[in-house]
Amino acid sequence: MLLSKLIKSSFLISITILFTSCANKNVEIEDIKKYPQEAKFYLNKNLEFKEQEKYNDKFFEIYFRVWDNPIIKISKKEANWAVKFKNENIYLQNYSKASKSWFEKHFENSNFEEFKTELIRAITIKNSNVRVLPTKEMMFYNPYNAGQGFPFDYNQNSHIKINTPVLISHFSKDKAWAYIKTPSFFGWINTNDLAFVDEKFIKEFKTNSYAITIKDKLNIYDEFFIEKTQLGTIFPISKNSKYLLAKKDDKHNAYLKEIEIEDENITTKPLVFNNENIEKIANELIAEQYGWGGIFGFRDCSSFTQDFYTTFGIYLGRNSRQQTFSGKYFNIKELSNKEKKEFIVKNAKPFKTLIYLKGHIMLYIGASKNEPLVMHNVWGVKTKVYLNKKGRNIIGKNVITTLEFGKELLNYDDSNTVIDKLQGFVILDEEKN
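When you line the sequence shown up against the UniProt record's numbering, it's residues 1 to 433, in that order.
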């Protein structure tokens, strides 16, 4: 009897160790091996984007709106939505729980009594993180649960590029932060990363001729290093055919400086939407590390799609849901998974369609044997581990996959999968419904 119990216990311990070790080991998913991770293999037809110049004009209308129409329409309650976190279990970067006093300190510093009292036009002079609360500290849900710890810092609202127009609503009480409206979102930015602009500066900056970087992680210089710019960074073109960069003087006022950038790394905006250029931009972004909210200067799913289309003059909002409003939307959430795939293959347009589920968005690039293929920056595959604990098989980069990526994994979580959760897709060169 005792021997039987010992054998049974040993078996259970062995199984536990086996499942735990498997759960903690990341495996390269089959889709990445099966499907070439280069855009050229999926560009079978000559592509073009209807009325590209019209889309580019609309892009700049939105881009400069914070200067041309310096108002903020959202309410104080909408702007101060982060108060919801005080009623949730939030952990800080040292994995300790955020206390009531921690939240009160940052809410007090947020100074929303002064919301919309400044309305100062400004420009970014560095790449910068835009935060939910005016602090560099991180906020996580339970860091011991998959998908709730690093890198999912819920104080990271987004990332903003150098040379971007913004509007300042007000400053934090300690003056270290400014609450800003950008062309596509709101949040807190370090005041050291901003310079104030006036009408003279705006007139000089708006040259009506603009260039955009087509090389990612590109170092730019004057006499010294300035910044490591991202693909999709915009520069006005000067009369001398150089590129205008905003810098700040000792009073935080902006002035313009001409810089040079190698021709192969920058082009006139918009870049023509054709197969050669689609391949160039896609391959520049494939395999990029995943960056939640743009953390560390990397992209998440929606900043990848936003920057991809920015080069071609097409404006997209910052988050996945906003991006579904940028063309003709097809609702497929009530279809079976088989019907979803069939409908996508029949109706979606390669490299001009975004496929959406809540919290994630993917660039449709075509089909292989009636299997829809997507390019997307993704954290990982949901898995099950011992005692039904949730896990992740981490991908952590921009990849080309099917809609059922990772399904071959032994611990694949087949409940509520990506394809189960698909809600629809948007075709960007067709008019809104």
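No residue lacks a Cβ here, since even glycine has one placed at the ideal position from N, Cα and C.
Beta bridge counterpart(s) of glutamate 371 as assigned by DSSP: The residue given as residue 371 occupies position 371 in the sequence shown. Glutamate 371 pairs with Ser368.
Do lysine 390 and alanine 146 have their C-beta atoms closer together than 7 Å? Looking up residue 390 in the sequence shown gives position 390. Looking up residue 146 in the sequence shown gives position 146. Yes, Cβ-Cβ distance for lysine 390 and alanine 146 is below 7 Å.
With DSSP as the reference, identify every bridge partner of proline 236, one or two as the case may be. Taking the first residue of the sequence shown as position 1, residue 236 is located at position 236. Note: proline 236 sits in a beta bridge opposite Tyr210.
Can you confirm whether the segment 306-320 touches the segment 339-350 when touching is taken to mean that 3 or more C-beta pairs between the two stretches lie within less than 8 Å? no
Can the beta-carbon of isoleucine 286 be found less than 7 Å from the beta-carbon of alanine 211? Taking the sequence shown and counting its residues from 1, the one referred to as residue 286 is at position 286. Taking the sequence shown and counting its residues from 1, the one referred to as residue 211 is at position 211. No, these two residues do not count as a Cβ contact at 7 Å.
Does the distance from the C-beta atom of proline 165 to that of valine 66 stay below 7 Å? Here residue 165 corresponds to residue number 165 of the sequence shown, with the count starting at 1. Here residue 66 corresponds to residue number 66 of the sequence shown, with the count starting at 1. Yes, they are a contact pair.
With DSSP run on the structure shown, which of helix, strand or coil describes threonine 353? In the sequence shown, counting from the first residue as 1, residue 353 sits at position 353. Strand at threonine 353.
Short of 8 Å in beta carbon distance, which residues of its chain neighbour aspartate 414, apart from the five on each side in sequence? Order them along the chain. As a working mapping, residue 414 is identified with position 414 in the sequence shown. Contacts found: Lys407.
Which residue from Thr268, Tyr356 and Thr324 puts its Cα closest to that of serine 238? To locate residue 238, count along the sequence shown from 1; it is residue 238. The shortest C-alpha separation from serine 238 is found at Thr268.
Who are the Cβ neighbours of serine 21 in its own chain at under 8 Å, not counting the five residues just before and after it? The residue given as residue 21 occupies position 21 in the sequence shown. Only weak support exists for where serine 21 lies, its pLDDT of 46 falling under 50; the value from the coordinates is given anyway. Closer than 8 Å at Cβ, skipping near neighbours: no residue.
Is it the case that the segment 169-184 contacts the segment 206-220, given that we only count it when at least three CB pairs across the two stretches are under 8 Å? No: the two stretches stay apart, fewer than three of their Cβ pairs being nearer than 8 Å.
Could you check whether the Cβ of glutamate 288 sits closer than 6 Å to any heavy atom belonging to the ligand HEM? Ligands in the displayed structure: none, and consequently the ligand HEM is not present.
Going by the CB atoms, is the gap between glutamate 260 and lysine 242 shorter than 7 Å? Taking the sequence shown and counting its residues from 1, one reaches residue 242 at position 242. Taking the sequence shown and counting its residues from 1, one reaches residue 260 at position 260. Cβ distance < 7 Å, so lysine 242 and glutamate 260 count as in contact.
Whole angstroms are fine: how far does the CA of aspartate 300 sit from the CA of threonine 117? Taking the first residue of the sequence shown as position 1, residue 117 is located at position 117. Taking the first residue of the sequence shown as position 1, residue 300 is located at position 300. Roughly 33 Å between the two C-alpha positions.
What's the gap between the Cα of asparagine 94 and the Cα of alanine 82? To locate residue 94, count along the sequence shown from 1; it is residue 94. To locate residue 82, count along the sequence shown from 1; it is residue 82. C-alpha of asparagine 94 to C-alpha of alanine 82: approximately 21 Å in a straight line.
When the distance is taken between beta carbons, is phenylalanine 112 closer than 7 Å to lysine 76? Translated into the one-based positions of the sequence shown, residue 76 becomes position 76. Translated into the one-based positions of the sequence shown, residue 112 becomes position 112. Yes, these two residues count as a Cβ contact at 7 Å.
To the nearest angstrom, how far is it from the Cα of histidine 360 to the Cα of aspartate 174? Here residue 360 refers to the residue found at position 360 of the sequence shown. Here residue 174 refers to the residue found at position 174 of the sequence shown. Distance between the alpha carbons of histidine 360 and aspartate 174 is about 36 Å.
For my contact list, tyrosine 329 and asparagine 433 are in at a C-beta cut-off of 8 Å; report their separation, rounded to the angstrom. On the sequence shown, position 329 is the one that residue 329 refers to. On the sequence shown, position 433 is the one that residue 433 refers to. About 6 Å; that satisfies the 8 Å criterion.
Report the CB separation of valine 27 from asparagine 393 in whole angstroms; it is logged as a contact under 8 Å. For the purposes of this step, residue 27 is identified with residue 27 of the sequence shown, where counting begins at 1. For the purposes of this step, residue 393 is identified with residue 393 of the sequence shown, where counting begins at 1. With 8 Å as the limit, valine 27 and asparagine 393 qualify as a contact, their Cβ atoms being about 6 Å apart.
What separation, rounded to the nearest whole angstrom, lies between the Cα atoms of leucine 43 and isoleucine 120? Looking up residue 43 in the sequence shown gives position 43. Looking up residue 120 in the sequence shown gives position 120. Approximately 45 Å, taken between the alpha carbons.
Rounding to the nearest angstrom, what Cα-Cα distance links tyrosine 221 and lysine 228 in this structure? If you number the sequence shown from 1, residue 221 lands on position 221. If you number the sequence shown from 1, residue 228 lands on position 228. Roughly 9 Å separates the two Cα atoms.
By the DSSP assignment, the beta strand (DSSP E) with tryptophan 177 in it spans what residues? Position 177 of the sequence shown holds residue 177. Tryptophan 177 -> beta strand (DSSP E) spans 177-181.
Quick check: what's the CA-CA separation for isoleucine 71 versus glycine 313? As a working note, residue 71 is residue 71 in the sequence shown. As a working note, residue 313 is residue 313 in the sequence shown. Isoleucine 71 and glycine 313: Cα-Cα distance of roughly 25 Å.
Pull up the CB-CB distance for isoleucine 234 and asparagine 163, whole angstroms please, since I reckon it's below 8 Å. By one-based count along the sequence shown, residue 234 stands at place 234. By one-based count along the sequence shown, residue 163 stands at place 163. About 6 Å; that satisfies the 8 Å criterion.
Between which residues of its own chain and isoleucine 419 is the CB-CB distance below 8 Å, once the five residues before and five after are set aside? Locating residue 419 in the sequence shown gives position 419, where the first residue counts as 1. Only Asn337, Lys340, Lys341, Leu403 and Glu404 meet the Cβ criterion.
Inter-residue spacing [alpha-carbon to alpha-carbon] between tyrosine 144 and valine 385: Translated into the one-based positions of the sequence shown, residue 144 becomes position 144. Translated into the one-based positions of the sequence shown, residue 385 becomes position 385. Answer to the nearest angstrom: the Cα atoms are 14 Å apart.
Where does asparagine 253 sit, in a helix, a strand or coil, going by DSSP? Working through the sequence shown from its first residue, we reach residue 253 at position 253. Taken through DSSP and simplified to helix, strand or coil, asparagine 253 comes out as strand.
Taking C-beta to C-beta, are phenylalanine 351 and isoleucine 278 nearer than 7 Å? Mapped onto the sequence shown, residue 351 falls at position 351. Mapped onto the sequence shown, residue 278 falls at position 278. When the beta-carbon positions are compared, phenylalanine 351 and isoleucine 278 come within less than 7 Å of each other.
Among the candidates Ile160, Ile427 and Ile62, whose CA atom is the shortest distance from the CA of asparagine 331? Numbered from 1 along the sequence shown, position 331 holds the residue referred to as residue 331. Closest by alpha carbon: Ile427.
Provide the residue span of the alpha helix (DSSP H) that contains tryptophan 102, from first to last. Numbered from 1 along the sequence shown, position 102 holds the residue referred to as residue 102. That run of the alpha helix (DSSP H) goes 100-110.
Which runs of the alpha helix (DSSP H) spanning at least 4 residues fall entirely within the segment 249-293, listed in chain order? 275-285
From what residue to what residue does the alpha helix (DSSP H) around tyrosine 63 run? Locating residue 63 in the sequence shown gives position 63, counting from the first residue. Its alpha helix (DSSP H) spans residues 52-63.
Let's see if you can read the secondary structure: which residues bound the beta strand (DSSP E) around isoleucine 394? Within the sequence shown, residue 394 is the residue found at index 394, counting from 1. Where isoleucine 394 is concerned, the enclosing beta strand (DSSP E) stretches over 390-401.
Boundaries (first-last residue) of the alpha helix (DSSP H) holding asparagine 337: The residue you call residue 337 lines up with position 337 of the sequence shown. Note, asparagine 337: alpha helix (DSSP H), 337-347.
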